[in-house]
Amino acid sequence: MTHARANDSRLHVTVVGQLPPPIGGFSYISDCVVKELQKTHQVCVYNIAPTQGKVGFSKHLSRMSKSIAACVGLIKARRFGLKICYHPCEGGLGLVYTVAVAWVARLCGHRVILHHHSFQYVDRWKPLMRLVLWLSDDSLHVFLCSIMRDSFERQYRQITNSIVVSNAAFVPLVAGLPPRDSTKLVMGHLSNLSREKGLYRFIDLLRLASGRGLPVRAILAGPVSSQADQIAIEHAVAEFQGALEYRGAIYGAEKNAFYNEIDVFVFPTQYVNEAQPTVIFEAIASGCSIVSYDRGCIRGQVREGHGLIIDRDKPFVESALDWVAARANNLESVRGLSTIIEKDFASRRSEALAIVDEMVDYSIGRQDN
Numbered sequence: 146m147t148h149a150r151a152n153d154s155r156l157h158v159t160v161v162g163q164l165p166p167p168i169g170g171f172s173y174i175s176d177c178v179v180k181e182l183q184k185t186h187q188v189c190v191y192n193i194a195p196t197q198g199k200v201g202f203s204k205h206l207s208r209m210s211k212s213i214a215a216c217v218g219l220i221k222a223r224r225f226g227l228k229i230c231y232h233p234c235e236g237g238l239g240l241v242y243t244v245a246v247a248w249v250a251r252l253c254g255h256r257v258i259l260h261h262h263s264f265q266y267v268d269r270w271k272p273l274m275r276l277v278l279w280l281s282d283d284s285l286h287v288f289l290c291s292i293m294r295d296s297f298e299r300q301y302r303q304i305t306n307s308i309v310v311s312n313a314a315f316v317p318l319v320a321g322l323p324p325r326d327s328t329k330l331v332m333g334h335l336s337n338l339s340r341e342k343g344l345y346r347f348i349d350l351l352r353l354a355s356g357r358g359l360p361v362r363a364i365l366a367g368p369v370s371s372q373a374d375q376i377a378i379e380h381a382v383a384e385f386q387g388a389l390e391y392r393g394a395i396y397g398a399e400k401n402a403f404y405n406e407i408d409v410f411v412f413p414t415q416y417v418n419e420a421q422p423t424v425i426f427e428a429i430a431s432g433c434s435i436v437s438y439d440r441g442c443i444r445g446q447v448r449e450g451h452g453l454i455i456d457r458d459k460p461f462v463e464s465a466l467d468w469v470a471a472r473a474n475n476l477e478s479v480r481g482l483s484t485i486i487e488k489d490f491a492s493r494r495s496e497a498l499a500i501v502d503e504m505v506d507y508s509i510g511r512q513d514n
């Protein structure tokens with residue numbers, strides 16, 4: 146638990162959520178929101194992520210004990226006049242913690258901000274989320290995109306107090322990028338590499354493109370948790386004889402270099418909880434075109450003409466191949482878009498940050514929805 150220095154002129158905000166480490170899309174965005182809130186408000190943070198190294202029952206026990214401590218903190222915060230509880234909602238059974246936080250926060254008079262990050266309970270009706278809505282009827286709901294909000298309301302009911310905050314707000318701009326100079330179209334894929342995230346479809350796309358004789362090469366990056374996936378990557382690197390490079394887990398400058406080297410970011414995800422992948426915004430910030438399955442908010446992330454979004458029930462590789470071929474045979478067509486994509490992202494990021502700055506005001510009714 147961390148506290149900001151008390152300042153009676155500011156609202157008191159209690160944050161209850163999973164924060165790094167480890168760093169994932171969910172915890173990273175939550176941490177970014179905390180840092181934004183700390184700029185203008187008195188903030189008390191309860192990190193309910195399980196202690197690193199805990200597995201099985203001890204992992205759940207760790208989460209439970211931290212969540213109880215957070216609820217006690219919400220009770221103690223009753224003494225503040227105007228108080229807010231910010232909670233990033235989880236998917237699956239993690240909604241049990243959301244139920245507990247929402248219930249205690251409401252009992253103690255907190256205004257509640259629920260930040261939605263998962264499509265698991267958006268695509269499928271979940272009784273736990275219905276209970277959350279009943280317990281916190283007047284909460285401010287923060288959605289990642291209008292697609293998410295519309296789907297949520299179809300699944301449950303109309304939300305009277307909601308805003309859309311894109312994850313673009315939390316992806317830094319990349320300045321002074323050198324021009325891409327490869328004589329081949331460079332495709333890239335970065336994720337926690339697995340079948341579910343599209344590893345094998347990415348390799349198959351390179352295989353078919355190479356089989357056509359297209360001037361392409363590819364770069365894979367990201368950690369691998371499965372030995373079978375690691376072996377598949379090693380075999381693919383050997384098969385393509387220099388046309389496929391695997392860089393492992395990359396961060397910071399290495400990740401920026403990856404995005405700057407590729408022309409097209411390929412994301413054949415079939416992850417059922419996919420919401421608004423940070424990696425897609427990172428690629429867009431570097432001027433990359435996008436080829437992705439249509440899941441979650443992805444269709445809204447990619448502007449028309451800035452890539453290819455494939456319906457999730459269509460074969461990915463066959464659907465993407467002609468698009469890739471057209472760009473591989475005319476590199477100027479994709480590289481000419483790079484600066485336009487970068488500038489468009491900068492504008493979207495500024496708009497999203499402005500809404501983040503006003504989020505607390507929305508929750509207490511200072512802004513019109």
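If you use this note's numbering, the sequence shown corresponds to residues 146 to 514, in order.
Here a beta-carbon is modelled for each residue, glycine too, at the ideal position from N, C-alpha and C.
Here the structure is a predicted model, which is why all the values come from computation and not from measurement.
- So, using beta-carbon positions, are I486 and N312 closer together than 7 Å? no
- Item | Neighbourhood of V319 by C-beta distance below 7 Å, restricted to the same chain and skipping five residues each side | Cβ neighbours of V319 beyond the five flanking positions: N401, A430 and S431.
- How about V310 and V287: do their beta carbons lie closer than 7 Å? yes
- Query: At which residue ranges does the stretch 413-480 contain complete beta strand (DSSP E) runs of 3 or more residues, listed in the order of the chain?
  - Reply: Listed in chain order, they are 434-438 and 452-455.
- Query: Which value, in whole angstroms, describes the spacing of the CA atoms of N152 and E341?
  - Reply: Confidence in N152 is poor, its pLDDT being 41 and thus under 50, which makes the residue's placement too unreliable to answer from.
- Using DSSP with H/G/I as helix, E/B as strand and the rest coil, what is G218? helix
- Message: Pop quiz: L335 and V424 are said to be a contact at Cβ under 8 Å. What is the actual Cβ separation, rounded to whole angstroms?
- Response: 5 Å
- Simplified DSSP state of N152, which is helix, strand or coil: Legend: pLDDT at N152 = 41, less than 50; position of this residue unreliable, no value from coordinates given.
- Between the Cα of A388 and the Cα atoms of G333, I220 and S495, which residue gives the shortest distance? G333
- Query: What is the C-beta distance between V567 and Q375, in whole angstroms, given that I count them as a contact (C-beta under 8 Å)?
  - Reply: In the structure as shown, the chain starts at 146 and stops at 514, and residue 567 therefore has no counterpart that could be examined.
- Limits of the unbroken beta strand (DSSP E) element including T515: Because the chain spans 146 through 514 in this model, residue 515 falls outside it and cannot be assessed.
- Given a threshold of 16 other Cβ atoms within 10 Å of its Cβ, counted over all protein chains shown, does E406 qualify as buried or as exposed? Looking at its Cβ environment, which holds 16 or more other Cβ atoms inside 10 Å, E406 is buried.
- Message: For N192, count the other beta carbons within 10 Å of its own beta carbon; 16 or more makes it buried, fewer makes it exposed. Which is it?
- Response: buried
- Query: Thinking C-alpha only, which one of Q421, S291, A245 and I435 is nearest M274?
  - Reply: A245
- Message: Check whether the stretch 213-222 and the stretch 237-252 are in contact - that is, three or more C-beta pairs closer than 8 Å.
- Response: yes
- Message: When you compare the CB positions of Q421 and L285, do they come within less than 7 Å of one another, or not?
- Response: In this structure, the beta-carbon distance from Q421 to L285 does not fall below 7 Å.
- How should A473 be labelled, buried or exposed, when 16 other C-beta atoms within 10 angstroms of its C-beta is the threshold for buried? buried
- Message: Quick check: what's the CA-CA separation for M209 versus A497?
- Response: 33 Å
- Closer than 7 Å by C-beta to S154: which residues in its own chain qualify, once you throw out the five before and the five after it? Chain order, please. Caution applies to S154, whose pLDDT of 48 falls short of 50 and renders its modelled position unreliable; the model cannot decide the point.
- Query: Over what stretch of residues does the alpha helix (DSSP H) that includes V190 continue unbroken?
  - Reply: Here V190 belongs to no alpha helix (DSSP H); instead the beta strand (DSSP E) covers Q187 to N192.
- Query: If you draw a straight line from the C-alpha of G236 to the C-alpha of A428, how long is it?
  - Reply: 26 Å
- In chain order, what residues of the same chain lie with their CB nearer than 6 Å to the CB of L144, ignoring the 5 residues before and after it? Given that the chain is displayed from residue 146 to residue 514, the structure contains no residue 144 and the question cannot be resolved.
- Message: Below 8 Å on the Cβ atoms is my contact criterion, and I expect H255 with C234 to pass it. Report the Cβ-Cβ distance as a whole number of Å.
- Response: Actually they are not in contact, since the Cβ atoms of H255 and C234 sit about 16 Å apart, beyond 8 Å.
- Give me whichever residues DSSP pairs with A491 in a beta bridge. Paired residue(s): none; A491 is not in a bridge.
- Message: Restricting to Cα atoms, I'd like to know which of G198, V158, K211 and V200 is closest to T185.
- Response: V158
- Name the two residues that bound the continuous beta strand (DSSP E) containing K228. K228 to P233
- Query: Under the rule that 16 or more other beta-carbon atoms within 10 Å means buried, what is H261, buried or exposed?
  - Reply: buried
- Message: Quick check on DSSP: helix, strand or coil for E390?
- Response: strand
- One or two residues paired with R362 in a DSSP bridge: The partner list for R362 (beta bridge, DSSP) reads V331.
- Look at the alpha carbon of D513 and the alpha carbon of L351, and state the distance between them as a whole number of angstroms. Note that D513 has pLDDT 45, beneath the 50 cutoff, so the model's placement of it is unreliable and the number below is only indicative. Cα to Cα, the separation comes out at about 49 Å.
- Item | Residue ranges of each alpha helix (DSSP H) within the stretch 249-321, 4 or longer | 265-268, 272-280 and 291-300
- Message: On the DSSP bridge list, what partners appear for V369?
- Response: L338
- Message: Could you compute how far the alpha carbon of A149 sits from the alpha carbon of G170?
- Response: Bear in mind that a pLDDT of 43 at A149, under 50, signals an unreliable position, so the number given afterwards is only what the model happens to contain. One C-alpha to the other measures close to 24 Å.
- Residues bridged to V409 by DSSP? M332 and S434
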